[in-house]
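Visitor: Positions 1 to 378 (full-length UniProt numbering) are the ones given, in order, by the sequence shown.
Just so you know, even glycine gets a beta-carbon here, dropped at the ideal spot from N, CA and C.
This is the structure, below, for whatever I ask next.
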Amino acid sequence: MLEKLEPYEIFTLRPDAFWIWNNEEVKERLSWYYQVMINKKPAKFIIAKHIESPVNPYEVEDQRELWKIHDSLEKEFVKIYKEIRNDRLKLEELHKPKYSFLDVKIALAKSYLKNCRLCEWKCGVNRLSGRPGICMMDKDCIVHSYFHHMGEEAPLVPSGTIFYGGCNFRCVYCQNYDISQLYARHGERVDSRKLAIIQETLRKTGARNINHVGGEPTPHIPFIVESFKYLNINVPQLWNSNMYLSLEAMKIIKDLIDIWLPDFKYGNNQCAWRYSKARNYWEIITRNIKIAYQNGDMIIRHLVLPNHIECCTRKVLEWIAKNTPRALVNIMDQYRPEHLVAKYPEKFPEIARRPYRNEILEAYKIADELGILYKPIS
Numbered sequence: 001m002l003e004k005l006e007p008y009e010i011f012t013l014r015p016d017a018f019w020i021w022n023n024e025e026v027k028e029r030l031s032w033y034y035q036v037m038i039n040k041k042p043a044k045f046i047i048a049k050h051i052e053s054p055v056n057p058y059e060v061e062d063q064r065e066l067w068k069i070h071d072s073l074e075k076e077f078v079k080i081y082k083e084i085r086n087d088r089l090k091l092e093e094l095h096k097p098k099y100s101f102l103d104v105k106i107a108l109a110k111s112y113l114k115n116c117r118l119c120e121w122k123c124g125v126n127r128l129s130g131r132p133g134i135c136m137m138d139k140d141c142i143v144h145s146y147f148h149h150m151g152e153e154a155p156l157v158p159s160g161t162i163f164y165g166g167c168n169f170r171c172v173y174c175q176n177y178d179i180s181q182l183y184a185r186h187g188e189r190v191d192s193r194k195l196a197i198i199q200e201t202l203r204k205t206g207a208r209n210i211n212h213v214g215g216e217p218t219p220h221i222p223f224i225v226e227s228f229k230y231l232n233i234n235v236p237q238l239w240n241s242n243m244y245l246s247l248e249a250m251k252i253i254k255d256l257i258d259i260w261l262p263d264f265k266y267g268n269n270q271c272a273w274r275y276s277k278a279r280n281y282w283e284i285i286t287r288n289i290k291i292a293y294q295n296g297d298m299i300i301r302h303l304v305l306p307n308h309i310e311c312c313t314r315k316v317l318e319w320i321a322k323n324t325p326r327a328l329v330n331i332m333d334q335y336r337p338e339h340l341v342a343k344y345p346e347k348f349p350e351i352a353r354r355p356y357r358n359e360i361l362e363a364y365k366i367a368d369e370l371g372i373l374y375k376p377i378s
C-alpha cells in the first residue's frame, strides 16, 4: 500500500512543485489542469459520465453505428464541457444516466481489440485471441509499476505514474527498454477495476494527477478508458505518450484527457525510422499533437539528441512555436546512450555520447528566439 505523501515531504524533495504556481503564465496556460488538480472542476472523464447515450452501446455490434452515436454525443459533451469550464454550469446540475458517452467510448475502444488499429501501425491483430500486436500486448493490461513520481515537471509533481508494458516504437536508446521491449509482458496483469483502484489509491495518497506512461499507454487504451467507469474520485488524467496513435484512438481519448505530455522526438521521418523504427513520424505526430492541443492543456517534451540540433531540435521548436504557441515546452538534456546504443556504439556513433553543453545552450537559444515558454519547466 502506498504511504500518503505529506506536503512537507513534497516541499523537501521538490520545492519547485509549490513555487511553480506563483508563475501566473504557467498557471494560466495550465488553467484547466490546475482547477481539476485542486478539485475546483471535474475531470473530463467525469463529465463524459454525465452525457446520456440513447442506447446501450455494448449491444451495438456495428462499429460504424457506434461511431455515429459517439460523434453525436461528442457535440453535447463539448457544449457541456465549455459551460462547466466557463462557470455557467455545475456538474451537480446534471444527472448520471444508465449509459453514457463514456460507455460509448469504452465499447468502441474494446471493439478495436478484435482488429487492432489503436496506433498507426494498424497491425489488425485480434488481440482477444491472445496474439500480441507489434506493441507486444494482447488481451491483457500489463502494469509494471505505479508510484508517486517526483522527477516529472514541477506542475505535475507528485505524479501518480502508471508504467504500462509494451511499445509501438523500437527506440535504440530507450531508457525503459526493459518494460517497453525486452520484458514487456512480465508485469502484473490487471483488469479495469484494479486499474481504477490503483488510480484512486494514488490520488488519495497525494498524487496531483494520473500519469499514463510506459513503455507506451496506447495499446492499453481499452483498459484505461474502461477504468474510468469504476473510478469515483476526481483526478486529472495525463497522457504521457510518443503520440503515434491512430485517428480513431485519438477520437476516443481526446475528450477524457485533461493534460497532455507528448514526446516530440524528431524533426523528420529519416531520424524517426533510424532510431525508433517509426514510419511517417512527422505527419502522424504533428497531426496528433494538434488534436491534443485543441483538447486540453499541454506540456511538450523534446529530448535533445547529440548532433541533431539542425535536423530535429530546430524543426521541432519551429513547429511548436507556429502550431501550439501556448504549450509549455520541456527542453530535455537528459539523453544518455542506453539500450542498443550503449551495447553497439559503433552502429550509432553520432548519438553514442551525452549532448555537449553548447548543444543544449543552442536549443535554449532557438527557443528564446521563437518565444517559447520553457524556462520554468526545463
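Assuming residue 264 is part of the beta strand (DSSP E), what are its boundary residues?
Guide: If you number the sequence shown from 1, residue 264 lands on position 264. Careful: residue 264 lies outside any beta strand (DSSP E) and carries neither H nor E.
Visitor: Does the count of Cβ pairs from the segment 76 to 84 and the segment 112 to 123 closer than 8 Å reach three?
Guide: No, the segment 76 to 84 does not touch the segment 112 to 123.
Visitor: By DSSP, does residue 121 sit in helix, in strand, or in coil?
Guide: Counting from 1 along the sequence shown, the entry for residue 121 is found at position 121. Three-state DSSP puts residue 121 in coil, outside helix and strand.
Visitor: Tell me the residue span of the alpha helix (DSSP H) that contains residue 58.
Guide: For the purposes of this step, residue 58 is taken as the residue at position 58 of the sequence shown. No alpha helix (DSSP H) holds residue 58; DSSP gives it neither H nor E.
Visitor: Counting only runs of 3+ residues fully inside the UniProt domain "Radical SAM core" (162 to 320), write out the beta strand (DSSP E) ranges in chain order.
Guide: If we require 3 residues or more, the beta strand (DSSP E) runs fully inside the UniProt domain "Radical SAM core" (162 to 320) come out as 188 to 190, 210 to 213, 237 to 241, 259 to 262 and 297 to 303.
Visitor: Leaving out five residues before and five after residue 26 in sequence, what residues of the same chain have Cβ atoms less than 8 Å from its Cβ?
Guide: The count along the sequence shown starts at 1 and reaches residue 26 at position 26. Excluding residues within five positions, the ones whose Cβ falls inside 8 Å are 20, 155, 328, 373, 376 and 377.
Visitor: Can you give me the start and stop residues for the beta strand (DSSP E) that residue 147 sits inside?
Guide: Taking the first residue of the sequence shown as 1, we reach residue 147 at position 147. Per DSSP, residue 147 belongs to the beta strand (DSSP E) from 141 to 149.
Visitor: May I ask you to report which of helix, strand or coil DSSP gives residue 359?
Guide: Your numbering for residue 359 matches position 359 in the sequence shown. Reduced to three states, the DSSP call for residue 359 is helix.
Visitor: Checking the sheet assignment: what are the DSSP bridge partners for residue 329?
Guide: Against the sequence shown, residue 329 aligns to sequence position 329. Bridge partners of residue 329: 300.
Visitor: My assumption, with CB atoms under 8 Å, is that residue 135 sits in contact with residue 168. Please give the rounded CB distance.
Guide: The residue you call residue 135 lines up with position 135 of the sequence shown. The residue you call residue 168 lines up with position 168 of the sequence shown. Between residue 168 and residue 135 the Cβ distance is about 5 Å, and since that is below 8 Å, they are a contact.
Visitor: For residue 343, collect the residues of the same chain with a Cβ closer than 7 Å to its Cβ; drop the 5 residues on either side in sequence, then sort them by chain order.
Guide: For this step, residue 343 is matched to residue 343 along the sequence shown. Once the five neighbours on either side are set aside, residue 343 has no close Cβ partner at all.
Visitor: Where DSSP assigns a beta bridge to residue 390, which residues make up the other side?
Guide: A question about residue 390 goes unanswered here, because the residues of the chain that appear run from 1 up to 378.
Visitor: List the DSSP bridge partners of residue 159.
Guide: The sequence position of residue 159 within the sequence shown is 159, counting from 1. Note: residue 159 sits in a beta bridge opposite 149.
Visitor: Exposed or buried, which one is residue 211 when buried takes at least 16 other CB atoms within 10 Å?
Guide: Taking the first residue of the sequence shown as position 1, residue 211 is located at position 211. Buried, by the Cβ-count rule.
Visitor: What three-state label does DSSP hand residue 345 in the structure shown?
Guide: Position 345 of the sequence shown holds residue 345. Here residue 345 sits in coil by DSSP.
Visitor: Quick one: grab the DSSP three-state call for residue 35.
Guide: Start at 1 with the first residue of the sequence shown, and residue 35 comes out as number 35. The answer is helix: DSSP assigns residue 35 an H, G or I state.
Visitor: Quick check on residue 15: buried or exposed, where buried means 16 or more other Cβ atoms within 10 Å of its Cβ?
Guide: Numbered from 1 along the sequence shown, position 15 holds the residue referred to as residue 15. Exposed, because fewer than 16 other Cβ atoms sit within 10 Å of the Cβ of residue 15.
Visitor: May I ask which residues mark the beginning and end of the alpha helix (DSSP H) holding residue 12?
Guide: Here residue 12 corresponds to residue number 12 of the sequence shown, with the count starting at 1. Taken as a continuous stretch (DSSP letters only), the alpha helix (DSSP H) holding residue 12 covers 7 to 13.
Visitor: To the nearest angstrom, how far is the alpha carbon of residue 268 from that of residue 289?
Guide: On the sequence shown, residue 268 is found 268 positions in, with the first residue counted as 1. On the sequence shown, residue 289 is found 289 positions in, with the first residue counted as 1. Answer to the nearest angstrom: the Cα atoms are 15 Å apart.
Visitor: Over the uninterrupted alpha helix (DSSP H) stretch that includes residue 28, give me the two end residues.
Guide: Position 28 of the sequence shown, counting from 1, holds the residue named residue 28. Unbroken alpha helix (DSSP H) run through residue 28: 24 to 29.
Visitor: Going by alpha carbons, who is nearest to residue 264 out of 225, 305 and 94?
Guide: Within the sequence shown, numbered from 1, the residue matching residue 264 stands at position 264. Out of 225, 305 and 94, 305 has the C-alpha closest to the C-alpha of residue 264.
Visitor: In three-state terms, what does DSSP make of residue 92?
Guide: Stepping through the sequence shown from its first residue, residue 92 is reached at position 92. DSSP places residue 92 in helix when its eight states are reduced to three.
Visitor: Would residue 295 be called buried (16 or more neighbouring beta carbons within 10 Å of its own) or exposed?
Guide: Translated into positions along the sequence shown, residue 295 becomes position 295. Buried, by the Cβ-count rule.
Visitor: Mind checking residue 181: buried by the 16 CB within 10 Å criterion, or exposed?
Guide: By 1-based counting over the sequence shown, the position of residue 181 is 181. The residue in question, residue 181, is buried, as its Cβ has 16 or more Cβ neighbours within 10 Å.
Visitor: Where does residue 65 fall in DSSP's three states?
Guide: Sequence index remark: in the sequence shown, residue 65 carries index 65 (1-based). The answer is helix: DSSP assigns residue 65 an H, G or I state.
Visitor: How long is the line joining the alpha carbons of residue 200 and residue 228, rounded to whole angstroms?
Guide: Start at 1 with the first residue of the sequence shown, and residue 200 comes out as number 200. Start at 1 with the first residue of the sequence shown, and residue 228 comes out as number 228. If I take the Cα positions, the gap works out to 10 Å.
Visitor: So the alpha helix (DSSP H) residue 440 belongs to, where does it begin and stop?
Guide: Look at the range of the chain in this structure, 1 to 378, and you will see that residue 440 is not part of it.
Visitor: When DSSP labels each residue in this structure, what does residue 81 get in the three-state scheme?
Guide: As a first step, residue 81 is located in the sequence shown; it is residue number 81 there, counting from the start. Here residue 81 sits in helix by DSSP.
Visitor: State the Cα-Cα distance for the pair residue 137 and residue 121, rounded to the nearest angstrom.
Guide: On the sequence shown, residue 137 is found 137 positions in, with the first residue counted as 1. On the sequence shown, residue 121 is found 121 positions in, with the first residue counted as 1. Each residue's Cα considered, the two are about 13 Å apart.
Visitor: May I have the straight-line CA-CA distance separating residue 98 from residue 133, to the nearest angstrom?
Guide: As a working note, residue 98 is residue 98 in the sequence shown. As a working note, residue 133 is residue 133 in the sequence shown. Their backbone Cα atoms lie some 34 Å apart in a straight line.
Visitor: Taking the straight line between their C-alpha atoms, what separation do you get for residue 31 and residue 165?
Guide: Position 31 of the sequence shown, counted from the first residue, corresponds to residue 31. Position 165 of the sequence shown, counted from the first residue, corresponds to residue 165. Whole-angstrom Cα-Cα distance: 31 Å.
Visitor: Counting only the same chain and skipping the five closest in sequence on each side, list residues whose C-beta sits under 6 Å from that of residue 220.
Guide: Against the sequence shown, residue 220 aligns to sequence position 220. Excluding positions up to five away in sequence, the list reads 141 and 164.
Visitor: Measuring CB to CB, does residue 193 end up less than 7 Å from residue 235?
Guide: Position 193 of the sequence shown, counted from the start, is the residue given in the question as residue 193. Position 235 of the sequence shown, counted from the start, is the residue given in the question as residue 235. Cβ distance not < 7 Å, so residue 193 and residue 235 don't count as in contact.
Visitor: Are the Cβ atoms of residue 207 and residue 151 separated by less than 7 Å?
Guide: Here residue 207 refers to the residue found at position 207 of the sequence shown. Here residue 151 refers to the residue found at position 151 of the sequence shown. It is not a contact, given that the beta carbons lie outside the stated cut-off.
Visitor: Flag residue 196 as yes if its beta-carbon sits less than 7 Å from any beta-carbon of chain C, otherwise no.
Guide: The structure shown contains no chain C; it holds only a single protein chain.
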